[in-house]
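S.K.:
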Amino acid sequence: MNIINNHGTKINILGIPADRGRWLLIPLGMTILLCLGSVYSWSIFRTPLEKELGISASASLLPFTFILVFYAAVMPIAGFYIPRIGTRLMTAVGGMIVGLGYILSSFATNVTTLVMKLPPQGWHPRQNMANSTSILASSYPKNLLRSRSFYGLWICYVIGTLVGLSAIGISSTVGEEIINIDPTVAASSVSLFALFNGVSRPLFGWLVDRFKPHYIAILSYVLILIACILMVNAQTGQVGNYLIAFCLFWFCLGGWLAMAPTITLGFFNPEQYAQNYGIVFTAYGVGALIGTLATGRIRDLFGTYTYVFYPMAFLAMIGIIVACFLLKKERF
């Protein structure tokens, strides 16, 4: 079967008819996400950095926080330009910027320098910011921002990413401080967590396609609650509780990174998907900013990460309520 565009022309991908060539996008996408996803290993470096530079938990989370916030901030802009300049150019320029950021980071000698040299994981074309803002405001679909389901999805996404990214940022450190496991084992456990993060994406995407999205969102929050309960009661040496809890945290974050784009496509105009999801993805940045800063602050105030899991559990309960009432498709 040949795929034909609106002008009656057959679409090829890398010189192959689109019905077969589109499968090549999967390994290419995996390669891109492998480069971008390396930021999720940041918790491994935090303890050595805190000792080497003599900085607080909040300060050691700053590079991780800034990456995630800029990642989300650039997304609406990228969503606006993808239909205009194409994904190939956007991906190429974004890849060069990310690569340059990693190279420059190798020369950093303090947290401030490290933050400034890690660029946003995307691309912002040079232009007047005032003009850019007015163009974006006039070009994005108005019915999206008037939709109750948009705000339901946005709030649920904030909660899912806030909890997930907070947990990712402290994964290795919690294992060392609360469970008292060897730093090497804690670092190795991140690979296990990442596996659950990857597996959850196709699984949650499949579930959302077959069941009502708010049911799957509620499922993710229930799993988060279970993980929080395990960590609130975790004691030194309880490696099993630690592994199960953080596998669930990473699992649910991966789930939300699959659910949010799928729900956006199903709830709103598919022809404006890039713009729509660009706006929805700002929830990721808000969750990253609030979650990582609050996590570091709680650790500095109480001297332990145990108290981090209480607000996470509370947010999961709020997420269940929001999903029940707002995460439902509306007719426009």
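Sequential numbering of the sequence shown, starting at 1225, is according to my numbering. For glycine and all other residues, C-beta sits at the position ideal for the given N, C-alpha and C.
1) Less than 6 Å between C-beta atoms, sequence neighbours within five positions excluded: which residues of the same chain meet that for Ala1502?
2) What distance in whole Å lies between the Cβ atoms of Ile1237 and Leu1248, which are believed to be in contact at a cut-off of 8 Å?
3) Can you give me the Cβ contacts of Gly1479 inside the same chain, cut-off strictly under 6 Å, excluding the 5 residues immediately before and after it?
4) With DSSP as the reference, please indicate the residues paired to Ile1240 in a beta bridge.
5) Considering Thr1528, what are the terminal residues of the alpha helix (DSSP H) in which it resides?
6) If you draw a straight line from the C-alpha of Ala1518 to the C-alpha of Phe1290, how long is it?
7) Decide yes or no for the touch test of the segment 1466 to 1475 against the segment 1368 to 1383: beta carbon pairs closer than 8 Å, at least 3 of them.
8) Determine the burial state of Glu1401: buried for a count of at least 16 other Cβ atoms within 10 Å of its Cβ, exposed for fewer.
9) Spatial neighbours of Val1432 within its chain, please: CB distance less than 7 Å, with the 5 preceding and 5 following residues excluded, ordered by chain position.
10) Do you know offhand how far Thr1460's Cα is from Ile1403's?
11) Using DSSP with H/G/I as helix, E/B as strand and the rest coil, what is Asp1406?
12) So for Gly1464, helix, strand or coil by DSSP?
13) Thinking C-beta only, is Ile1383 closer than 8 Å to Leu1539?
14) Report buried or exposed for Gly1527, applying the criterion of at least 16 other Cβ atoms within 10 angstroms of its Cβ.
15) Below 8 Å on the Cβ atoms is my contact criterion, and I expect Phe1417 with Ser1395 to pass it. Report the Cβ-Cβ distance as a whole number of Å.
16) Over what stretch of residues does the alpha helix (DSSP H) that includes Pro1494 continue unbroken?
17) For Leu1200, report the span of its alpha helix (DSSP H) as first-last.
18) Would you grab the beta carbon distance between His1438 and Cys1259 for me? Rounded to a whole angstrom, and I think it's under 8 Å.
19) Considering only the alpha carbon of each residue, which of Ser1265, Arg1521, Leu1477 and Tyr1508 lies closest to Asn1421?
20) Starting from Tyr1375 and walking both ways along the alpha helix (DSSP H), at which residues does that stretch end?
21) Roughly how far, in whole angstroms, is the beta-carbon of Thr1385 from the beta-carbon of Tyr1508, given that I think they are within contact range, below 8 Å?
22) With a 10 Å radius around its C-beta and 16 neighbouring C-beta atoms as the bar for buried, classify Ser1262 as buried or exposed.
23) Can you tell which of Thr1506, Leu1481 and Gly1399 has the C-alpha that lies nearest to the C-alpha of Ile1268?
24) If you count every other CB in all the chains shown that lies within 10 Å of the CB of Arg1523, and 16 or more means buried, which is it?
25) I'd like to know whether the C-beta atoms of Ala1512 and Leu1292 end up nearer to each other than 8 Å.
26) Which of helix, strand or coil does DSSP assign to Lys1553?
27) Using 10 angstroms around the beta-carbon of Leu1287, count the other beta-carbons present and answer buried if the total reaches 16, otherwise exposed.
28) Quick one: what's got a C-beta closer than 8 Å to Tyr1462's C-beta in the same chain, skipping five residues either side?
29) Identify which residue in Ile1542, Tyr1531 and Met1541 has its Cα closest to the Cα of Ala1559.
30) What is the residue span of the alpha helix (DSSP H) that Tyr1264 lies within?
31) Assuming Ser1282 contacts Gly1520 under a Cβ cut-off of 8 Å, what Cβ separation, rounded to an integer in Å, is found between them?
M.R.: Answer, in terms of the structure:
1) Here the sequence assigns Gly to residue 1502, which means Ala is not the residue at that position. Cβ neighbours of Gly1502 beyond the five flanking positions: Met1299, Pro1300 and Gly1303.
2) 6 Å
3) Ser1424, Phe1428 and Ser1444
4) Ile1237
5) Element bounds for Thr1528: n/a, residue is neither H nor E.
6) 14 Å
7) no
8) buried
9) Ile1440, Met1483, Thr1486 and Ile1487
10) 4 Å
11) coil
12) helix
13) yes
14) exposed
15) 6 Å
16) From DSSP, Pro1494 is part of no alpha helix (DSSP H); its letter is neither H nor E.
17) Only positions 1225 to 1556 of the chain appear in this structure, which leaves residue 1200 out of reach.
18) The pair is not a contact, with the Cβ atoms about 33 Å apart (cut-off 8 Å).
19) Leu1477
20) Arg1372 to Glu1401
21) 5 Å
22) exposed
23) Gly1399
24) buried
25) yes
26) coil
27) The question names Leu, but residue 1287 in the sequence shown is Pro. Under this definition Pro1287 is a buried residue.
28) The displayed chain sequence assigns Gln, not Tyr, to residue 1462. Cβ within range, chain order: Ile1403.
29) The requested residue 1559 is not part of the displayed model; the chain covers only 1225 to 1556.
30) From DSSP, Tyr1264 is part of no alpha helix (DSSP H); its letter is neither H nor E.
31) 3 Å
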